[in-house]
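See below for the structure under consideration.
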Amino acid sequence: MTRGKWIAAGIISVLLLLICVLRFWGTPAIRDKIIREMKSGPPSSSVSRLAIWLFDNPIMADRETRPFVLLVHTLALDQEGKKGECLTYAEKLLEFTDSSPQSVQWSSIALSVIVNNSVQNGKPAQAQAALKRWLQRMEETCGKDHPRLVRPFSLVLNCLVFNPLTKDEAKKLAEKVIAIILKHGGPNDPALRQPLEALRNIALLEMNWDEAIRAAEQLKQLDMRLAGSNSDLTELRYLKELLFLTEKKNDDAKALELSAQVVDKAINLARSRKV
577 MTRGKWIAAG IISVLLLLIC VLRFWGTPAI RDKIIREMKS GPPSSSVSRL AIWLFDNPIM
637 ADRETRPFVL LVHTLALDQE GKKGECLTYA EKLLEFTDSS PQSVQWSSIA LSVIVNNSVQ
697 NGKPAQAQAA LKRWLQRMEE TCGKDHPRLV RPFSLVLNCL VFNPLTKDEA KKLAEKVIAI
757 ILKHGGPNDP ALRQPLEALR NIALLEMNWD EAIRAAEQLK QLDMRLAGSN SDLTELRYLK
817 ELLFLTEKKN DDAKALELSA QVVDKAINLA RSRKV
């Protein structure tokens, strides 16, 4: 072997050693450092960019570290208002979605970033397309109607509800979440509260008082079952809400009936010293 080949072999050996050191020692060390920084807020994009440069490849990073680095960089760019670059990395992160709880959570955060930024930039079609791809991937990964879908679906639901451009998607997703919860948890599952509140809020935004009243009635029934000894207070709270919605609907007869119920309930609670 010539001297040049020995030198080349030596350089390759050093590089392989460096890769091994970074892969098996540097990766967890840098990941832990980023986690510590995130406890005080999203790291700067300069820190996350270094992590991306080192670990956004299958050689230097394992299956867990690579999407984590993508998530950190996405959040850092979002924090600094670099919307275009942020969307690129958020979309890339979605490709790493698998059935692990951590991956499911990370991908739902990435989708929330995509939806918010796309809508703010006046591109609702981009948000809707990303949502459709993500929902399909989640169902393929976790299983259609799997209870593990409830938490990430609910997280994404939060960023869809109050935007007029995504409220239709929010309504469909809320109904999907409710169906999954009823199938696996039953009508007394506290997780029902969030999608029911989403349906109520969408109806309020649309001034669809019938739908708002229907959702409020369902919330009342759920909370009454869960309230236990506080059921009277819970009932009074919902009677007041239903009275407000009925007045908005201009249903005078029903409003008068509910008003009497509110007064009676308040008097009974006062007598029992619960208010």
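Whatever position you read off the sequence shown (first residue = 1), add 576 for the working numbering.
For every residue, glycine included, the Cβ atom is placed at its ideal position computed from N, Cα and C.
| Query | Result |
| --- | --- |
| Whole angstroms is fine: what's the gap from Glu640's alpha carbon to Asn764's? | 36 Å |
| In whole angstroms, what is the alpha-carbon distance linking Pro643 and Leu781? | 36 Å |
| Quick one: using the 10 Å Cβ neighbour count with 16 as the cut-off for buried, is Asp799 buried or exposed? | buried |
| Between Gln678, Ser676, Ser688, which lies nearest to Tyr665 when the distance is taken from Cα to Cα? | Ser688 |
| Tell me, to the nearest whole angstrom, how far the beta carbon of Thr717 is from that of Thr673; I am working on the premise that it is less than 8 Å. | 6 Å |
| Counting Cβ pairs, one atom from each stretch, are 3 or more of them under 8 Å apart for the segment 692 to 701 and the segment 653 to 668? | yes |
| Classify Ala779: buried if its beta carbon has 16 or more other beta carbons within 10 angstroms, exposed otherwise. | buried |
| Within its chain, find whatever has a CB closer than 8 Å to the CB of Leu647; leave out the 5 residues flanking it on each side and keep chain order. | Leu669, Trp682, Ile685, Ala686 |
| Return the Cβ separation of Val737 and Asn777 in integer angstroms, given the expectation that the two are a contact with Cβ distance under 8 Å. | 5 Å |
| Identify, in the order they occur along the chain, each residue of the same chain with its Cβ nearer than 7 Å to the Cβ of Glu823, setting aside the five sequence neighbours on each side. | Ala831 |
| For Thr673, name the three-state secondary structure that DSSP assigns. | coil |
| With burial defined as no fewer than 16 other Cβ atoms inside 10 Å of the residue's Cβ, what is the status of Pro766: buried or exposed? | exposed |
| Starting from Asp721, trace the alpha helix (DSSP H) both ways and give me its first and last residue. | Unbroken run through Asp721: none, as it is neither H nor E. |
| Residues in the same chain with beta-carbon distance under 7 Å from Leu819, minus the five sequence neighbours each way, listed in chain order, please. | Ala831, Leu834, Ser835, Val838 |
| Give a yes or no on whether the C-beta atoms belonging to Lys747 and Leu772 are separated by under 8 Å. | no |
| How close, in whole Å, do the beta carbons of Leu809 and Ala788 come, if the pair is a contact with beta carbons under 8 Å? | Wrong, their Cβ atoms sit about 22 Å apart, outside the cutoff. |
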